[in-house]
Structures are given as C-alpha cells and as structure tokens.
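Top to bottom, those sequences are chains F and V. Mapping of the first sequence onto my numbering: position 385 corresponds to residue 385, and the numbering continues sequentially without gaps. Mapping of the second sequence onto my numbering: position 243 corresponds to residue 243, and the numbering continues sequentially without gaps.
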Amino acid sequence: MTSGTDSKKKTEGENPDHATEKIDRVVIRFAGDSGDGMQLTGDRFTSVSALLGNDLATFPDFPAEIRAPAGTLAGVSAFQVHISDHDILTPGDAPNVLVAMNPAALKANIGILGKGATVIVNVDAFDERNLSKAGYETNPITDGSLGAYRVYEVPMTSVTQEVCKQAGVKPRDAERSKNFFALGLVSWLYTRPTSPTIEWIEKRFAENPKVAEANTRAYRAGYDFGETAELFESNYEVRPASFEKGEYVQVTGNTALAWGLIAASRLSGLPLFLGSYPITPASDILHELSRRKEFGVKTFQAEDEIAGVGAALGASFGGSLGVTTTSGPGLDLKSETIGLAVGLELPLVVVDVQRGGPSTGLPTKTEQADLLHAIYGRHGESPVPVVASMTPSHCFEAAIEAVRIAVKYRTPVILLSDGYLANGAEPWRLPDLESFAPIDPDFAVGGRAGSNGAQEEFSPYTRNEDTLARPWAPPGVPGLEHRIGGLEKEDGSGNVSYDPINHERMVRLRAEKVARIADDIPRVEVDDEGGDADVVVVGWGSTYGAIAAGIRRVRARGGKAAQIHLVHLNPLPRGLGEALAEYKKILVPEANLGQLSKILRAEYLVDARALTKVQGVPFRAAEIEEAILSMTEGS
Amino acid sequence: MVETAAPNSAIPSTSRKDWSSDQEVRWCPGCGDYSILAAVQMLMPELGVRRENTVFISGIGCAARFPYYMNTYGMHSIHGRAPAIATGLSVTRPDLDVWVVTGDGDALSIGGNHLIHALRRNVKLTILMFNNQIYGLTKGQYSPTSEVAKVTKSTPFGSLDTPFNPVSLALGAEASFVARTHDMDRAHMQEVFRRAHEHDGAAFVEVYQNCNVFNDGAFEKITSRDARSSMLIPLTHGEPIRFGADLERGVVQRSDGRLETVDVSDVGVEALLVHDESRPDPGLAFALSRLSRGPYEPTPIGVFRAVDRLEYGSEMSRQVSEAQERKGVGDLNELLRSGSSWTVG
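If you want it as structure tokens, here you go:
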C-alpha cells in the first residue's frame, strides 16, 4: 500500500514545471451521477481546505432519489465549495470551476458558471449513449458550444482503470474510484496537501484494503495527472484566511445542532431524549445523537412522526429534555402534540429542518416556507416561541437558546433550520463552553405542608410572577401528584374547567407568557455602518450569508444599506418596530412567498417588501445586491 | 435529574382512599368504567408500589378520563397517542410504574399504530383497554370492535367493517403479555391486572366493558351472572382448559390444529388442552383467541400469553451505560473536537 509519507515529499515541494499562481478565492463545483461519490469528493476537498486554514462555505446539492437512472439530468448530484483567503459568507454565486463527471452533470450545471470558468470533463463519459441520455444532440466538447469556457478534457475513467488494474482491481470496481481521481486532480490544481486524504482513505476503507488501494491509486493518479500532463498552464494557491484566534473545526448545521442539544443537556442537567422519525434533511441529527450515548443521550426511532414527538413529550413530563427532529411533512403531523404541549405547559423542543413544500415537495432542497406554520400552525390560540438558526455553526447556539426558552418558560419551542444549513459546512471557532449560562430546570419541590400542618394540595398551574411559567413537577416526588391534560385547566389548580371566564384568562395567560419572552432576549441589533442608510434588509434563518454578502457588495460600491437578522421570530425582539420606522425602505429576502414580510406588515404597519425565491437553492449575494440597488435607485 | 424519594424507605401502607383523587367521577351512572376504576383503586394498595411513582396516561374517550380519578401522577393526552407518550416516559424513567388506560376507538382506530409498536418493542407499560364496542364520548358511532352490520348513528344501514379481535391483534403484534377480563368480576379483573403489572414488558389487557347508554348489554350473553359459567372459559396456566358449572365442558385441539369446545365426558380429561401461557410460539394463544367469534359464544378469559422477553427501556439504558463504561462519561470539549480541529493564532 502506498504510504502517506512518500506522497508528502513529492507533493508539498515546489513544482518546477508549473507556475503556481496566488488567488484570493475560488468556487469549485463537483458534479456527477448520484452514484459517483460527488458528495464525498466535495467533503474531502472541504476538509483539507479547512485544515489548510481557508475560510469556506459549502453547498451540497443532490437529488432526492438515491440512484436516479445513471447518466440522466435527474440523477445529477453536485457539491459546491467556496474557499478563500478572507472571510466569506456564502458558497459562492457562480462557480469558477466545474468538474463534470458526465454529460448530464455538464448540462445541469453549465448555466450557473461564471464567465470564463474552468470546466474539467471526464471525457471518457462523453460517449453517444451518455450524450443522448443527457439530451445533447451533438457533443458539447467538440461542437464549439463551450467556447466561453476553458475546457479541459481528462480521461478520468480510463486512467483510473489503468492504475487500478496494476493493483489487481477489476475494471468495473476500479471505475468506482474515479471520483478520487477527480479529487486528486483538483487537489493538485489548488495545491492541497495529499497526505490528509490518503490517511483518510486508509482509515475509512481499513476493512477493505483493496478498495483503499484502488482509491489511493486513483487519487494519486489524478494528482500526478495534473502535474505531468501538459494540460494545465499553472496551478493555484489559496492562502489561509486570517481568522480570529482560536480553535476551529469544520461543521455542518445538523452536526452543530445535535451538539448544541447535547450541550444544552449538560447546561441544564437534564438527560436528553430524542424521539424522531427518519426524514430528509433532518435525519443526520438523529444519526449523530444516536452515536453519543456516552452523554446519556437516549434516542428513539419512533413508528411515525406523531410517536416521535409524543415520546419526547412523555420524556419531558418525566423530567428529561424532550426533543423531536423533523422536516415540514413531519411538522404537520406533530402539530396536535405541540398543541398539547402548549396546554400542558411542558418543555419540548421541536426542530424543523425545512425543505421545499408543499407535501413531499423537494426533500433535498432548501426552503424557508414553514415560518407561518411554525408560528401559527395549530388549532385554537396556541402560541409557540420560534427560534431560527442563521448559519451552519449558529445551529449550536440556536439549539441551546431553544432549550433555554423551553425549560425556563415550560413551553414547546420550534427551532427552524433548513436543508441548506443542515448540509452546508463552514469553519467554526469553538466557543468557550463556560460562556453559556446554566439552564435551571427549577423543578417543583415536594413535601410542602400547609399552615395547619396538613399536606397542601399541589397546584400545578400556579405561576411564576415574572415569567408566568408554571411549576414543572415530574413524577417521583411525594406530595406533588397531579393530573394534567389537554382539556382546559382551571387557573391555579389545573383541574378541568369549562368556565368561560377561566378559559379566556388561560388563553390570555398562555399568550402573555410567550409574549414576555421578548424581555428575555437581546433587543434588536441593526448593522448600519454610517447610520444613514435608507434601506434596511431584514432577514431570518439561512439567508444571513447571502444578505450580508450582498450588503458588503453594495457598500463596496459606495452604496448604503442596513441589516437586521432575526434569530427570534416569536416573540420578535424589542425595538424592532422602532428600528424599522427609521428606514424609508424595508427589504425582506425570503426563500418563500413573503412570510416574514407579512408578519412585519401586520405587527408594525410598515411597508416591508418581500424579495422571494423558491427554487430550492439559496439566494445568491448578487440577487440581494441587485434588489438593494434597484430599491435605492427608485428612491 | 429529578430527585425522587429514597428507594429504600418503607412503602407506606395505603387504602383505596389514598389512591382516589378529589375529582368527582363523571361517567354516566351505571357505566362499566366505575367497576374497573374501583378494581384498580382497591388493587393499588396491595401492589406494594408508591403513589408518587405511579403514572396513568390516557388518550381520548370515556376511558381516558381515568387518570383524573387516580391520586397519582397522570396525563390525559390526545386521541390515540397515549402509548407513544407513555413510551417516552417509561424508557426515561424506569423507576416509574406507567399505566396506559385506553378504549377500543382510542387504541385500535386512531392509535392503532402506536399500540402495535409499543407491544412489539416490549416497553414496560401496563395497558388496560376498555372495550365497549362503541364510541361513547362522541355519542354512539360504531367502533373498530363493533360487530358487522351494527346500526349506529353513523351506520344507519349497518356497519360494513369486520371488527378487530383485540387479543388476536395484540398477539399478532408480538405482545409478550396478553389477557382478557370483564367489568362484572372484580376479583378476576384484579388478578389479571396484578399479573399485567408484574410483567416486565408491555402488558395488554382487554377489559370487556358495558356502555349502558350506547351499547347496553354488548357482553351480557357471556358476562351476566347466569351466563358466566357456561360462556366464559377461564384460562389457568398448567391446567386443562375447562368451563361450565360442573366443569363439564372443555377445549381440545384437533389433529388439524383447530381448537374446539367439547363435552369432557365425550373425550376424557386427558384429551383436554392444557393451557401454557409461557409457550414461546404465540400460535396456540392465537388459536384460543379465535375460539369465540364474538361475545355470544363461549369465550376464553384470563392470561393468554405471558413470556419473558428483553424489555425495551432496560435495553436502552443498558446501551447508554455500556457506552459510558466503554468511553467514559462524554466530554463535551472532546465531542466538539471529534472531527479534525485546527488552531489559529
């Protein structure tokens, strides 16, 4: 087996045959069939870039079908990664480099490339059959239609098969290693070190040495191909970004969210219980938590979405931190139980990793169209706090915040993430865990005696004067036996009550309890450099990066725009109405048909204008920039 | 973690009154639920359990009001979901006794999925299903256990659905404990509930319960005082299956596997089927559950099946403690660095 050390000598030295050009950033898109391993390829390239110290953002973009018919447009899976030597906010608007493993991958992605982009094609896959499957009548490589791009034809399949043959791997099996060839080639092109990937291959495929050998050979062959084939004039270097001091890891939203839940379990001393049903794109949270039993985490793969949230609520009743994770279709099914939790006034965290809807919609594509559902989607007056994460790493603290509110206010909380955050990765400066305040479960204390010495009847619906939270009294404590349920409860005693005046009091108390959370979250923050912008851009959730990058571009051109990005959607932060009133124009970019803008208009009587996009892909910074400019020009 | 009473302190002796809440019981006068409630409240002091460690969880329906009347912890939840909610409680709080009280509509219609999965997982739950073969709370529609052609408000021309046999269903769902009793016999109910409570795993008990308003007399042909001896077939582990005032009737298994009721005098006691609730294969218990086509033929009552199987919550706890033994209790700082990390500055 090839050792990592050999390659180190060879690859990390100077390369006399090619000039190495320094560039500040590059956006690379790996695209192939669903079975071609493009996600793995992109992920490896990202990890090595993270270790090199680049700033980065990723955008895995894959179909819902595990294996759509090979070679078709429907089966194209892509991974876009943006690496840079400076702070970046998005996975990039227009890729500079496309690696296309077959004609379909080329056809599906050529439209989004930047001017003069580099296109590296696996020329072996451009045969008549694949061309026709992709809907090409003529070969785009030879018919001149790619004239605007720099096209490199690389025989990835045949070279991979050739080098694997020497290792005794059958051509059919060897063919599967061609993604490592592509990774090797791009690693050379962007001067990534080889040893981390070779070590990773050896570890990952330790149980299957033949596959490890084939992948390593393919990877090295790709790297060597770049170096020796006189195809590329130069390769490129993207220097490390200057990060704030600290320790960094690369993290996806789903992983950060899972870790945030574990951290919240520690901060509260409450054992974490996850009741969940597999659903894209939320399942990775279930996977991650199910591996972490050493943290006392119990995970329960339920028979359906309803049982997932039901079990979580049962666990909360018992004094655990009950959490359920899902996506839109599951949130529909959980609505009734969330309503029960509103009535029971028990902590519960419901994570909705949003995807395109309605119905099954676009399971693997991102959208932000569950906002109104999260805030209003239950029968009756059923107020629920809603928190949204804004970047992949922010999912960590958003999870802690959701737990904090749920525990302190004895309420279900909906935490909104989305497909883009869930699978997207970025470097994350590890927080100081000591900086998070402990979360006090403040369980009810038993054994209280009344003035006459007799045991006082426990009243589960008395309230804390400040928070209006009721006592949380899990079973096991003598003297606190009580019954709660979905029927309306009498204020104080919690006994069933059909009294009309009591019902109105309880409805208003539950609403007031959630409204008061606004006093317990940060006031609105406005990023307005000069304090004299006319336009404020208000966003929530994963649009943060694109909005911030769009505003940077406007400012770089001498324009002005302010930014407000909301983490708390219900209740909204104090000062938001006043802040909005300061601006002539309010732009609300959303990956839906204008849900936040509707809320802002209703709450503050302001002329909030939605900028909407529902294509299953995130906003591009340029789209935000354009919208701001056209708004300012119009003024 | 919740701080609970020291497990070693003596369990206080209690009476029925200690287990009754101060809430007025509001079932229709004459409802079979009253006798089931009395049976449970009177049994609790005998079980050697603590009130504070006892939880009743219900869904929606007449039966679901049950927790309000028990002076224990309790939750009256939403329609059909009690087994799911109780599962989350049971697996996170193995120190508790979790009871589920449900009805035929709650458990077998809207909550059918949760019931079968709780049974197959073998979560430690004592599930009492009051079967009155009707929807009572919504005032008289047919239920998933109603007989075919039942005329109700929602089926003026007669119902078309083939009913579930709850015992057969539970056995088919891999239940490790399945029993049947009825609301006219407190001693039998208490004995069956006691056995169900002792069972380490999911215990399913079907209780024939009379709804005197919307389906009065549904079980009269087999549970009335006069009918019982000839129409109820008591199952006793290790004993030949016999019934009748003079135990003159019995159950035999034919060579093709069918079970039949016979006159003992025709076949002799040795030919009778000996009940074995602990048989690993549920086939014979299933055959017993099919002996009667409905509550108008001689019907077995008692424990059909009681087998040992790993309990779900204990297994879940075992995985956690084994992981902690293997890796040590999780370190959050290490977790955040479980991928590759790098340092700047």
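We put the beta carbon where it would ideally sit given N, CA and C, even for glycine. Predicted, not measured: the structure shown is a model, and the values here were computed from it.
Completely contained beta strand (DSSP E) runs for the region 210-252 of chain F, where each covers 3 or more residues: 234-238 and 246-252
Endpoints, the alpha helix (DSSP H) within which F/L587 is located: For the purposes of this step, residue 587 of chain F is identified with residue 587 of the first sequence, where counting begins at 1. Taken as a continuous stretch (DSSP letters only), F/L587 belongs to no alpha helix (DSSP H), being part of the beta strand (DSSP E) at K585 to E590.
Own chain, CB closer than 6 Å to F/S451, minus 5 neighbours either side, in chain order: Looking up residue 451 of chain F in the first sequence gives position 451. Below a pLDDT of 50, predicted positions are generally treated as unreliable, and F/S451, at 49, falls in that range; no measurement from the model is reported.
Residue range of the beta strand (DSSP E) that includes F/N570: Along the first sequence, one-based indexing puts residue 570 of chain F at 570. H568 to N570 is the extent of the beta strand (DSSP E) around F/N570.
Cβ of F/K489 within 8 Å of any chain B Cβ: Among the protein chains of the structure shown, namely F and V, there is no chain B.
Check: V/S143 C-beta below 7 Å from any heavy atom of the ligand NAP: With respect to the ligand NAP, the structure offers nothing, as it holds no ligand at all.
Closest Cα partner of F/P522 within the set F/G361, F/P363, F/V238 and F/L566: Position 522 of the first sequence, counted from the start, is the residue given in the question as residue 522 of chain F. Closest by alpha carbon: F/L566.
Any C-beta of chain F under 8 Å from that of V/Q319: Within the second sequence, the letter at position 319 stands for residue 319 of chain V. Yes, contact with chain F.
V/S20 - DSSP class collapsed to helix/strand/coil: Stepping through the second sequence from its first residue, residue 20 of chain V is reached at position 20. Strand, per DSSP.
V/R305 classed as buried or exposed, judged by whether at least 16 other C-beta atoms fall within 10 angstroms: Residue 305 of chain V sits at position 305 when you count from the first residue of the second sequence. Flag for V/R305 reads buried.
Selected residue, minimal CA-CA separation from V/I85, among F/A307, F/Y219, F/K245 and F/G71: To locate residue 85 of chain V, count along the second sequence from 1; it is residue 85. Comparing Cα-Cα distances from V/I85 to each of F/A307, F/Y219, F/K245 and F/G71, the minimum goes to F/A307.
Residues of the region 305-333 of chain F whose Cβ lies closer than 9 Å to any Cβ of chain V, in chain order: For the region 305-333 of chain F, the residues whose beta carbon sits under 9 Å from a beta carbon of chain V are, in order, I306, A307, G308, V309, G310, A311, A312, L313, G314, A315, S316, F317, G318, G319, S320 and G322.
Backbone CA spacing between F/A711 and F/P618 [nearest angstrom]: Chain F is shown only over 1 to 635; residue 711 of chain F falls outside these bounds and no answer can be derived.
F/G184 (DSSP reduced to helix, strand or coil): Here residue 184 of chain F refers to the residue found at position 184 when the first sequence is read from its first residue. Correct three-state label for F/G184: helix.
DSSP beta-bridge partners of V/V192: Position 192 of the second sequence, counted from the start, is the residue given in the question as residue 192 of chain V. V/V192 pairs with nothing; no bridge assigned.
Alpha-carbon to alpha-carbon, V/T138 and V/T54: One-based indexing of the second sequence puts residue 54 of chain V at position 54. One-based indexing of the second sequence puts residue 138 of chain V at position 138. Approximately 29 Å between the Cα atoms of the pair.
Simplified DSSP state of V/S341, which is helix, strand or coil: Translated into the one-based positions of the second sequence, residue 341 of chain V becomes position 341. Strand at V/S341.
Short-range partners of chain F found in the region 89-120 of chain V, where Cβ spacing is below 7 Å: L89, V91, T92, R93, D95, L96, N113, H114 and H117
Integer-rounded CB distance, given that F/I547 should sit under 8 Å from F/I624: In the first sequence, counting from the first residue as 1, residue 624 of chain F sits at position 624. In the first sequence, counting from the first residue as 1, residue 547 of chain F sits at position 547. Rounded, the Cβ-Cβ distance is 5 Å, consistent with contact.
Cβ-based burial, F/V536 [other Cβ within 10 Å; buried from 16]: By one-based count along the first sequence, residue 536 of chain F stands at place 536. Residue environment: F/V536 is assigned as buried (16 or more neighbouring CB atoms within 10 Å of its CB, all protein chains considered).
Proximal residues, the region 263-291 of chain F versus chain V, C-beta separation under 8 Å: A263, R266, G269, L270, P271, F273 and G275
Three CB pairs or more closer than 8 Å across the region 230-243 of chain V and the region 140-151 of chain V: no
Residues near V/V25 in its chain [Cβ-Cβ closer than 6 Å; skip 5 each side]: Counting from one through the second sequence, the residue named residue 25 of chain V turns up at place 25. Result list for V/V25: Y69, in chain order.
Three-state secondary structure (DSSP) of V/H76: The residue labelled residue 76 of chain V in the question sits at position 76 within the second sequence. V/H76 falls in the strand class under three-state DSSP.
V/S109 - DSSP class collapsed to helix/strand/coil: For the purposes of this step, residue 109 of chain V is taken as the residue at position 109 of the second sequence. Three-state DSSP puts V/S109 in a helix.
Chain F contact for V/E52 (CB, 8 Å cutoff): Position 52 of the second sequence, counted from the start, is the residue given in the question as residue 52 of chain V. Judged by the 8 Å Cβ criterion, V/E52 is in contact with chain F.
Contacts of F/Y248 in chain V (Cβ-Cβ under 8 Å): One-based indexing of the first sequence puts residue 248 of chain F at position 248. What F/Y248 touches in chain V: S341, W342, T343 and V344.
Cα-Cα separation between F/A311 and V/I127, rounded to whole angstroms: Counting from one through the first sequence, the residue named residue 311 of chain F turns up at place 311. Counting from one through the second sequence, the residue named residue 127 of chain V turns up at place 127. Near 16 Å, if we compare the C-alpha coordinates of V/I127 and F/A311.
Spatial distance of F/P358 from V/A173 (CA atoms): For the purposes of this step, residue 358 of chain F is taken as residue 358 along the first sequence, with counting starting at 1. For the purposes of this step, residue 173 of chain V is taken as residue 173 along the second sequence, with counting starting at 1. Rounded to the nearest angstrom, the two C-alpha atoms are 34 Å apart.
C-beta neighbour in chain F for V/R81, strict 8 Å: For the purposes of this step, residue 81 of chain V is identified with residue 81 of the second sequence, where counting begins at 1. For V/R81, the answer is yes, since a Cβ of chain F falls inside 8 Å of its Cβ.
For V/L119 and V/A202, believed in contact at Cβ under 8 Å, the rounded distance: Along the second sequence, read from residue 1 onward, the residue named residue 202 of chain V stands at position 202. Along the second sequence, read from residue 1 onward, the residue named residue 119 of chain V stands at position 119. About 5 Å separates the two Cβ atoms, so the contact holds.
From V/A285, V/E206, V/R249 and V/D331, residue whose alpha carbon lies closest to that of V/R180: Against the second sequence, residue 180 of chain V aligns to sequence position 180. Looking at the Cα atoms, V/E206 is the closest of the given residues.
F/S276 vs F/A256 beta-carbon contact at 8 Å: Numbered from 1 along the first sequence, position 276 holds the residue referred to as residue 276 of chain F. Numbered from 1 along the first sequence, position 256 holds the residue referred to as residue 256 of chain F. Contact check for F/S276 against F/A256 fails: the beta carbons are separated by 8 Å or more.
CB contact check: F/G453 to chain V, cutoff 8 Å: On the first sequence, residue 453 of chain F is found 453 positions in, with the first residue counted as 1. Residue placement at F/G453 is flagged as unreliable, the pLDDT there being 48, under the threshold of 50; the coordinate-derived value follows with that caveat. No, because no Cβ of chain V sits closer than 8 Å to the Cβ of F/G453.
Contact check, F/K107 vs F/Y136, beta carbons under 8 Å: Along the first sequence, read from residue 1 onward, the residue named residue 107 of chain F stands at position 107. Along the first sequence, read from residue 1 onward, the residue named residue 136 of chain F stands at position 136. A contact, by the Cβ cut-off of 8 Å.
C-alpha distance - F/S242 paired with F/N464, whole-angstrom precision: In the first sequence, counting from the first residue as 1, residue 242 of chain F sits at position 242. In the first sequence, counting from the first residue as 1, residue 464 of chain F sits at position 464. Computed Cα separation, rounded: 48 Å.
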